[in-house]
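**Q** Per this note's numbering: the sequence shown ends with 765, consecutive numbering throughout.
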Amino acid sequence: MKKYVVVFGLLLCFSGLAQAAPMRAHVLFSDHMVLQRDMDVPVWGYATVGTVVTVKLDGVTVGTATTDSAGQWMARIGSHPNDGGVSHVLLISAPSETSVQINDVVFGDVYLASGQSNMALLMDTRVGVGPNPYHAAGVTGYADEIIASAAYSKIRQVTVFYSGTSATELKEPQLTESWTNCNPSSISNFTAVGYFFAKNIYLETGAPVGLILSVKGGQVIGGFLNSAGCVKVPQLSGMLQNKEQGGLPDHFKKYNAMIAPLMPYGLRGAIWYQGEANVSDNNLYQHELRALIRGWRQSWGQGDFPFYYVQLPTLSEALGGIPWPGLRQAQFNVLSETNVGMAVNIDASENSLHPANKTDLGYRLAQWALGRDLRRDDRVYSGPLYRSSTVEGAQIRILFDYADTGLMVGWKKGTNSVVPSGTLQNFEIAGTNRAFFSATAVIDKDTVVVSSPSVPAPAYVRYCYAAVPSGTNKLYNSARLTASPFRTDEDYPLFVISGTAASLTNIPGSVVTITADAAPSGKVFDRWIGAASEIDDLNAATAQVTMPSYALYLLATYRDTAASVYTLSVSNGFGSGTSQTNSILNIEAAAPPTGKVFDHWAGNTQTVVDVSAAVTTLRMPASDVSVTAVYRTIDSVGDGVSDVWRTLYFGGDGTTTNSQSAASADPDGDGASNLKEYLDGTSPQDGQSALHIGRTFSGSGGALNFRSVTGYRYRLETTASLTAPSWTTMIYNITGDGLQKQTSFTLGTASNGFYRLRQITE
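Next comes the structure, spelled out in structure tokens:
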């Protein structure tokens, strides 16, 4: 018997030894690495549970951490400034463990460089992140940069293995190459876009620049998405539900293997060049790119870090460029996201799927980073971006952002500088029939005026909206940065999964019939996922869709015939209907009343993704759900007076005040301030329009009289003591109609009584 006990004890001992793990750092932490300056930098790794790890910088302890139950430790080593690239030593140690020494560590700016083949394109394109033989002599300027790179040892790169894929999030990536200094021997393996981006930043800031290259050629954006990002874009609820039900098998896999394992390495931002593999998605791509940006930011946990991306260049129709203009427009639309920027490439490429000119792209991406984030000087860091347009008789006037310092006509060849040119080209206009004609375009200060004798009543305008715009003379601003292509007549795709649609490309407002596929055996149609207000009956297998001003991705879902269904009730909005549990349902607030704006969702909001968003989603629980859209009065000044009321009586837009319109002013001299007049519903410009309450008391009765206001309601209340916690209602509702009101009541038995007339809004 004792033998068995001893053997069992030995087994436990050996089991404990098997669980022990040598202390080490995450694979991203290696010699020559760049750590993000001015950030409380995380350093992490792995060890046996309970191991206390110490991190020293140049011999000084800067952080400690205890290994958690998952065998991971993480230390924050404090914020360190740019010191011009001084080389530091990081020492990671633990009792009874072999120390890890990391040499030549510098503090600078770290950027994730990701996307598909054009970000993967290396300086020497005969080598690459995977098969990459695009240009026999390397990218434009490569030979010169080999020599110049001797001065850029503070530009460094770490490369993630390009074929990484995983169904679940990995803790560590597989690396092709650890941190490497840029020099004549190593520059061949640097991402070309990333190198020119980093070079421009380094030359202006003097701070080291680190690139984390994580790319894969030929990949759709779906592989780089995560569920956290899709949840944040309600228009992708159908896609996320489809993924959860077993569709889209390759979605998220690149993220799991090549992006998630990098987190939370300290970043300054990210640069992105991708879209060629998604041109068939057209405007759906804008939802996907938004999801990628939001998801990466949320999962990284470093706030809304800068995200700069490249707009697709030219590509002839013969080479497959027909749908490229639509993808460019989708990329343009994403500029409404927070802290993003786009390098326009319509003038600097050479009609190639893999343009050799990466010099201009790196420069243009760097201008966004320098102007908006790193230097924050007065430079113009973007080319002209369409803002709005107005029809002026037979012409259209176009307004642009980033045009304050003026516009110009320019011409550019390869990497040469932009030179002033002749007549502005590539503008087209159309009437309501959407038949476009080439237009005469004239610069008028910071605007462009377009017209055509073929279009006497113009309605729409577009610029460089072609696979390869035919005209060489393009629009630039004073910084000689090119304008983005745009169109004002967008149509949008309708993607229907497990169903069909009568039309797949639609203009806003068009009505399309959608029909779900026949239900599989043992199932019945449940609900359409992916929209709310756009579908007339979310629980009907055949329904009508009113097309919005964006792409729709709709999924027909089915449930077991015996499955329970629950009811979603949406007040002041859309999305009501029934559904099985765990469905991702869109909810949308109705248009707010005049003078109000959406504020929040109230009710059963436990599974609502964003209670502060007018359009969001919720996960259906195993119970009925009721939510209500709540609105608030728009009060831009913040003084209790609404913008609409201030505009009504004092003009303007109600967002500012003066001596007459201030809340404390009394312009009609009736003793009531503007704030009181607003709350009472009376006019601030009529001394006779005031809420004056007359009162009479006689014996056991009393009466109040006042001039009511149409549309207002009043309540009469009483209390025996002003210190009482509540008032008692005497008359619940008095409806205002603009007439004098007299309200009689019986006095209470108390020796003292207080009465109030309260305006009510509920």
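Glycine included, every Cβ here is placed at the ideal spot set by N, Cα and C.
Starting from the Cα of P496, find the closest Cα among S283, T101 and S711 and give me that residue.
**A** Measuring from the Cα of P496, the nearest candidate turns out to be S283.
**Q** Please report how far the alpha carbon of L265 lies from the alpha carbon of V163, in whole angstroms.
**A** 9 Å
**Q** Please report the straight-line C-alpha distance between Q289 and S120, rounded to a whole angstrom.
**A** Per the coordinates, the alpha-carbon of Q289 lies some 20 Å from the alpha-carbon of S120.
**Q** Look up E180 in the DSSP assignment and say whether it is helix, strand or coil.
**A** strand
**Q** Count the other C-beta atoms from every protein chain shown that fall within 10 angstroms of the C-beta of S188, then say buried if there are 16 or more, exposed otherwise.
**A** exposed
**Q** Classify F308 as helix, strand or coil using the three-state DSSP reduction.
**A** coil
**Q** Looking only at its chain, what residues have a beta carbon closer than 8 Å to the beta carbon of Y1, apart from the 5 residues adjacent to it on each side?
**A** The first residue shown for the chain is 4 and the last is 765, placing residue 1 beyond what the model contains.
**Q** Is the separation between the beta-carbon of P624 and that of T659 shorter than 8 Å?
**A** no
**Q** Is it buried or exposed for Y735, if we count other Cβ within 10 angstroms and need 16 for buried?
**A** exposed
**Q** In three-state terms, what does DSSP make of F3?
**A** Only positions 4 to 765 of the chain appear in this structure, which leaves residue 3 out of reach.
**Q** Identify, in the order they occur along the chain, each residue of the same chain with its Cβ nearer than 8 Å to the Cβ of V30, setting aside the five sequence neighbours on each side.
**A** E175, P176, L178 and S181, listed in sequence order.
**Q** Nearest-angstrom Cα distance between W327 and S552?
**A** Their backbone Cα atoms lie some 19 Å apart in a straight line.
**Q** Which residue's Cα is closest to the Cα of N575: G756, A632, V445 and T69?
**A** A632
**Q** Straight-line CA distance for R390 to D307?
**A** 23 Å
**Q** Could you check whether A504 and E591 sit closer than 8 Å to each other, using their CB atoms as the reference points?
**A** no
**Q** Quick one: give me the first and last residue of the alpha helix (DSSP H) that V2 is part of.
**A** For residue 2 there is no data in the structure shown, the boundaries of the chain being 4 and 765.
**Q** Does W275 come out as helix, strand or coil in the three-state DSSP assignment?
**A** strand
**Q** Starting from H290 and walking both ways along the beta strand (DSSP E), at which residues does that stretch end?
**A** Run containing H290: none in the beta strand (DSSP E); it sits in the alpha helix (DSSP H), L287 to W303.
**Q** Sort A442, N419, A280 and Y49 by Cα distance to A28 and report the nearest one.
**A** Y49
**Q** My understanding is that M98 touches M77, with C-beta atoms under 8 Å, so please give their C-beta distance in whole angstroms.
**A** A small fix is needed here, since residue 98 is Pro in this sequence, not Met. Rounded, the Cβ-Cβ distance is 18 Å, inconsistent with contact.
**Q** Bridge partners for A632 per DSSP, in chain order?
**A** For A632, which the question treats as bridged, DSSP gives the partners W604.
**Q** Quickly, what does DSSP pair K477 with across the bridge? List them, please.
**A** G413
**Q** Identify which residue in R79, D41 and T128 has its Cα closest to the Cα of T57.
**A** R79
**Q** Taking only the alpha-carbon atoms, compute the straight-line gap between Q762 and A666 and give it to the nearest angstrom.
**A** 19 Å
**Q** CB-CB under 8 Å to D656, same chain, minus the five flanking residues each way: which ones, in chain order?
**A** D646 and T650
**Q** Look up F430 in the DSSP assignment and give the residues it is bridged to.
**A** Under DSSP, F430 shares a beta bridge with Y466.
**Q** Checking the sheet assignment: what are the DSSP bridge partners for G213?
**A** Bridge pairing for G213: V113 and R159 [DSSP].
**Q** Would you mind giving the Cβ-Cβ distance between R40 and A210, rounded to the nearest angstrom? I have them listed as a contact below 8 Å.
**A** 6 Å
**Q** Would you mind reading off the limits of the beta strand (DSSP E) that contains R710?
**A** G704 to R710
**Q** So what does P25 bridge to, in DSSP terms?
**A** Answer is none; P25 lacks a bridge partner.
**Q** Tell whether a beta-carbon distance below 8 Å holds between G434 and P456.
**A** no
**Q** Going by DSSP, name the residue or residues bridged to P459.
**A** Answer is none; P459 lacks a bridge partner.
**Q** Nearest by alpha-carbon distance to V471: which of P459, P488 and S424 is it?
**A** P488
**Q** Report, in whole angstroms, the separation of the C-beta atoms of K257 and T341, which I expect to be a contact under 8 Å.
**A** Incorrect: roughly 24 Å between the Cβ atoms, too far for contact.
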